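Peer 1:
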Amino acid sequence: MRIHVEDAPSAPSDINSGLGVRAQSGKIDIVNGSDVYGANVGAMLWGFNSAGGRVGLTVDNSTLRSGRGAAIQVMPLTDTDYDIAVRNNSTLVGGDGNLLLVGYRIPVNSRTDVHFTVDDSRLAGNVTFDPTTVTNGTLDVILRNKAQIDGRFTNVTTADIGSDSTWLMTGDSTVGALTLGNTGTVALGNGSTFNTLNVDTFTGNGGTLLFNTQLGDDTSATDKLIVTGDTSGQANVRVVNAGGAGAKTDKGIELIRVGGASNAQFDLQGRAVGGQYEYFLFKDATNGGWYLRSELATVPDPCVVDPTLPECGPIVDPVDPVEPTPVLRPETGAYLANQFAVDQLLRHGWRDRQGGSTTAEEGVRGWARVDANQSKLGAVNDQLDLRVDRSRVQLGADMGVFDNGRGRLGVMGTLAQSSATSRSELTGYSAKGKVEGGALGVYGSWNNDALYVDASVQRGQFRNRVQGEGLAEERYDSDIWQSALEAGYRIGIGQIGSTAVSLQPELQLIYTNTSTDRHEETNGTVVRALDNNGLSGRLGLRLQGEGHSTAGASVSPYVVANWYRDGANNGIAFDDEVLKAGVPRNRYELNAGARVQFRSGLSAWGGFGVMRGDQGYREATANLSVAYKW
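Quick note, the sequence shown lines up with residues 122 to 751 if you use this note's numbering.
Shown next, in the form of C-alpha cells:
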C-alpha cells in the first residue's frame, strides 16, 4: 500500500493538513511494505478522549516519511499513553531531521507518556522531547534486536540500549536514565565532531561506550559522558584516536565525569594508541571520574594505604616527585626493527663472494650464498624488547676477468626478508614487523697473493609491514642504495703441515642511503623515518689457514674478529616525536668457519658467528656459500 498526502490547497494547518496518517485514539498499523508520506508530518498522534487513554502506532517492514516536519509527532492534548513501535527493517524519514518529536507550539499540562521502541531497524534522525510544551510527560526509548539510531536524543527520560543495538550520536544529547545492555553500544560520535552526552544516571550491564578522542595531553578534544548522578554496573570503553599525535599526560584526558556515587566499573576494550604512546583507562581516586593516561597503573604502596603496618616507617614527602613513565606502544619497536633490517639486509663482504682464498685464479666464477641472522636489541627506553630474524639468498657471477685472474667484474642479485617481534615489558602487548624485497648490484675486485681490494654498489627495494595486537596492518615501502669499499692484506706467519697460516687485517667502509615512505596509520599517526644515511665501518683481523692438497679437497679454516662501527641513524618520528632503537654504535663479532676447494672447480664455504654490543645487543649468524669456476 502507498499513501501520499499533500497539503490542502488553502493555507496549510500544521495539525490538519499534509498528514500521512493521524490517530486520536486506537491503534494504526503500517505493515507489509507500505509507504506512507505526508507533506507535513508522516504520522500525527493526538490523543483526544482515546479509549483507555492509549494511542498506538506500529511501523512493520514499511516506510513512513514526512516533507517538512517530523516523521512521527506526538501532540499532547488529553492524558494519554503513546506506544510507538518501529520494527523489521522499517524506515523513518523526517523532513526536519526528527524521527520522533514530542511537543507542540503551546504548553500543555496533560499527562503525556511516550514509549518508543525500535526493533531490528536502522534509523537516521533525532528523538526530541520538548519540555517547554509538554510540561507533564516522559519519553522512553528502547533499542533491541540489532536496532540502530544515528541521531541526537534531546530530553529523553530513559534510554535502554541492548540486544546488539547501537545508538550513534550525531550531536550533544541529554538522557535522564541511560541503561546499556549486555551487547548494546553507545557511540558518542563518528570522529567528525566531539559530542557530550549528559545523563542523570548510568547503569551498565556489559555494553560498550565508544569515544572518539584526539589522543594527546590532558587538554585533548574528546567525546565525553557526564553523569550528574550515580553510576552502577559495568561497561566497556572503546577509544578511537581522532588524529591525535600522542603525548605525555598528567591527570589524563577526561572521558567520564561522575557527580554522584561512582560505583560503575569501566574497562578499556581493545587498545588506545596515539603517536608512539599507549593509553590506559584510570578511575580518579578523588572525583570518581574516568581518565585516559599514557601510563600504567601502579600498585598502591601498602604503607600509604596503612601506615600502621609494622614494616612501615614515617612517610616523608618527596622533594622531587617522580613523574610516571609514559608507555610506548610496541608498534614503534616494530617500525624501528624494520628500519634496522633494511639497513642490514644487503651488507656483505668480499670474502662472502670469494671465500677465504686470496690466490688469483683464471676463469669465470658463479656463486650462490644463503645466510641467516638473529638480532636481539636492548630495550627501547627500557620498555620494548626487539628481536629481528633476517635471511637472504644471493646469486652472482663474474662478467669479466682480467690481469691473469687477479681482477673480476660481476653482477649480483639478492632476495631478502626479515621478521621482527617487538614486545612491551610493561604491558605485555606485542607487534610484528615484516620486510620483504630484493636488490641488484655490481661488484669489482682485484687481488694478488697478499692484497685484495673490492668495491660494490647495490640498489634495493623493500616492502614493509607492521601488525599490532588488535590494530590494523600498516604497509609502507623503502628504497636503499648501498656502496661498499673493502681492502685487506695477508701476512704469512707460519706453516702447519701442508697448511699455510696467515694473519689478514681487513677494513671495509659502507655508505648507506635509505628512503622510506612517509606513512599515515589507520589511527592517524604519521610515521616518518629519520635521515638514515651514513657511513659505517668494519675493522677485522682474520687468522686463516690455507690448506693445499694434490688430490681430493683442500680445507682452509679461519677465525675472524670484527669491530663494527655504525654511522647511520636508526630512528623513527611518530607525529614528530622521535624514538631511536637500542642499536649500539659499536658492535663486536667473532666468526669461525672453513672453505673447501675441490679439484673440479667447485668450492664451498660457511661459518658461524656471534656478535655483542652495548645496551644488551646480541646477534647470531650462520652462512653457507658455493662457487663454481669454469
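Here a beta-carbon is modelled for each residue, glycine too, at the ideal position from N, C-alpha and C. Keep in mind that this is a model prediction, so the values were computed, not measured.
Secondary structure at residue 736, three-state DSSP: helix, strand or coil?
Peer 2: Of the three classes helix, strand and coil, the one that applies to residue 736 here is coil, per DSSP.
Peer 1: Mind checking residue 363: buried by the 16 CB within 10 Å criterion, or exposed?
Peer 2: It is buried - the Cβ of residue 363 has at least 16 other Cβ atoms within 10 Å.
Peer 1: Please return the same chain residues whose Cβ sits closer than 6 Å to the Cβ of residue 145, not counting the five positions on each side in sequence.
Peer 2: Around residue 145: 167, 169.
Peer 1: Would you call the CB atoms of residue 352 and residue 332 closer than 7 Å?
Peer 2: Taking 7 Å as the Cβ cut-off, residue 352 and residue 332 do not qualify as a contacting pair.
Peer 1: For the stretch 564-573 against the stretch 535-553, do three or more pairs of beta-carbon atoms, one drawn from each stretch, fall closer than 8 Å, so that the two count as touching?
Peer 2: No, the stretch 564-573 does not touch the stretch 535-553.
Peer 1: Less than 7 Å between the C-beta atoms of residue 370 and residue 338, yes or no?
Peer 2: Yes, the pair counts as a contact, with Cβ atoms nearer than the cut-off.
Peer 1: Give the secondary structure of residue 247 by DSSP, where H, G and I count as helix, E and B as strand, and everything else as coil.
Peer 2: Strand, per DSSP.
Peer 1: Kindly indicate the opening and closing residues of the alpha helix (DSSP H) around residue 375.
Peer 2: No alpha helix (DSSP H) holds residue 375; the beta strand (DSSP E) holding it covers 374-379.
Peer 1: With DSSP as the reference, label residue 453 as helix, strand or coil.
Peer 2: Note: residue 453 maps to helix in three-state DSSP.
Peer 1: Quick check on residue 756: does DSSP put it in helix, strand or coil?
Peer 2: The requested residue 756 is not part of the displayed model; the chain covers only 122 to 751.
Peer 1: In terms of alpha-carbon separation, which member of 618, 350, 605 lies closest to residue 655?
Peer 2: For the residues 618, 350, 605, the minimum Cα distance to residue 655 belongs to 605.
Peer 1: Helix, strand or coil: which one does DSSP assign to residue 714?
Peer 2: Strand at residue 714.
Peer 1: Cβ of residue 219 within 7 Å of Cβ of residue 249?
Peer 2: Cβ atoms of residue 219 and residue 249: closer than 7 Å.
Peer 1: Which residue comes first and which comes last in the beta strand (DSSP E) that contains residue 471?
Peer 2: No beta strand (DSSP E) holds residue 471; the alpha helix (DSSP H) holding it covers 471-475.
Peer 1: If we count Cβ pairs, one from each stretch, closer than 8 Å, do we get three or more for the stretch 491-499 versus the stretch 686-705?
Peer 2: Short answer: they touch.
Peer 1: Would the stretch 243-258 and the stretch 170-190 be scored as touching if the rule is three or more Cβ pairs under 8 Å?
Peer 2: Touching, no, given that fewer than three Cβ pairs across the two stretches are closer than 8 Å.
Peer 1: Leaving out the 5 sequence neighbours to the left and right, which residues in its chain are closer than 6 Å to residue 426 when beta-carbon positions are compared?
Peer 2: Confidence is the limiting factor: at residue 426 the pLDDT is only 45, short of 50, which leaves the residue's position unreliable, though a coordinate-based value still follows. Correct list: empty, nothing qualifies.
Peer 1: For a test of the three-state rule: what should DSSP assign to residue 174, helix, strand or coil?
Peer 2: In the structure shown, residue 174 sits in a helix (DSSP, three-state: H, G or I).
Peer 1: Using 8 Å for Cβ pairs, my map puts residue 357 next to residue 329. What's the rounded Cβ distance?
Peer 2: About 5 Å; that satisfies the 8 Å criterion.
Peer 1: Going by DSSP, what residue range makes up the beta strand (DSSP E) through residue 678?
Peer 2: That run of the beta strand (DSSP E) goes 675-686.
Peer 1: Write down the C-beta distance between residue 201 and residue 176 rounded to the nearest angstrom, noting that I regard them as a contact closer than 8 Å.
Peer 2: Residue 201 to residue 176, Cβ: 6 Å. Contact.
Peer 1: If distances are taken between C-alpha atoms only, which option among 734, 746, 504, 697 comes closest to residue 685?
Peer 2: Selected option, being the one with the closest Cα: 734.
Peer 1: State the beta-bridge partners of residue 448 as determined by DSSP.
Peer 2: Paired residues: none, contrary to the question.
Peer 1: Under the three-state reduction of DSSP, which class applies to residue 704: helix, strand or coil?
Peer 2: Three-state result, residue 704: coil.
Peer 1: Quick one: Cα of residue 751 to Cα of residue 473, how far?
Peer 2: Distance between the alpha carbons of residue 751 and residue 473 is about 19 Å.
Peer 1: Below 7 Å between beta carbons: does that hold for residue 396 and residue 367?
Peer 2: The answer is yes: Cβ separation under 7 Å.
Peer 1: Could you give the distance in angstroms between the alpha-carbon of residue 403 and the alpha-carbon of residue 310?
Peer 2: Using only the alpha carbons, I get a separation of about 22 Å.
Peer 1: If you draw a straight line from the C-alpha of residue 230 to the C-alpha of residue 257, how long is it?
Peer 2: In a straight line, the C-alpha of residue 230 is about 5 Å away from that of residue 257.
Peer 1: If we ignore side chains and look at the alpha-carbon of each, how far apart do residue 209 and residue 226 end up?
Peer 2: Residue 209 and residue 226: Cα-Cα distance of roughly 33 Å.
Peer 1: Three-state secondary structure (DSSP) at residue 585?
Peer 2: Reduced to three states, the DSSP call for residue 585 is strand.
Peer 1: What does the Cβ neighbour count give for residue 546, buried or exposed, with the cut at 16 atoms within 10 Å?
Peer 2: Result: exposed.
Peer 1: Quick one: is residue 420 buried, meaning 16 or more other Cβ sit within 10 Å of its Cβ, or exposed?
Peer 2: Summary for residue 420: the model assigns pLDDT 47, below 50, so the residue's position carries little reliability, and this model does not support an answer.
Peer 1: Are the CB atoms of residue 603 and residue 637 nearer to each other than 7 Å?
Peer 2: No, these two residues do not count as a Cβ contact at 7 Å.
Peer 1: Drop a sphere of 10 angstroms on the beta-carbon of residue 349, count the other beta-carbons inside from all chains shown, and report buried for 16 or more, exposed for fewer.
Peer 2: Under this definition residue 349 is an exposed residue.
Peer 1: Going by beta carbon distance, what residues of the same chain come within less than 7 Å of residue 140, once the five residues before and after it are set aside?
Peer 2: Within the same chain, residue 140 has close Cβ partners 126, 159, 161, 162, 165.
Peer 1: Would you call the stretch 614-631 in contact with the stretch 582-600, where contact means no fewer than 3 C-beta pairs closer than 8 Å?
Peer 2: With the cut-off at 8 Å, the stretch 614-631 and the stretch 582-600 do not touch.
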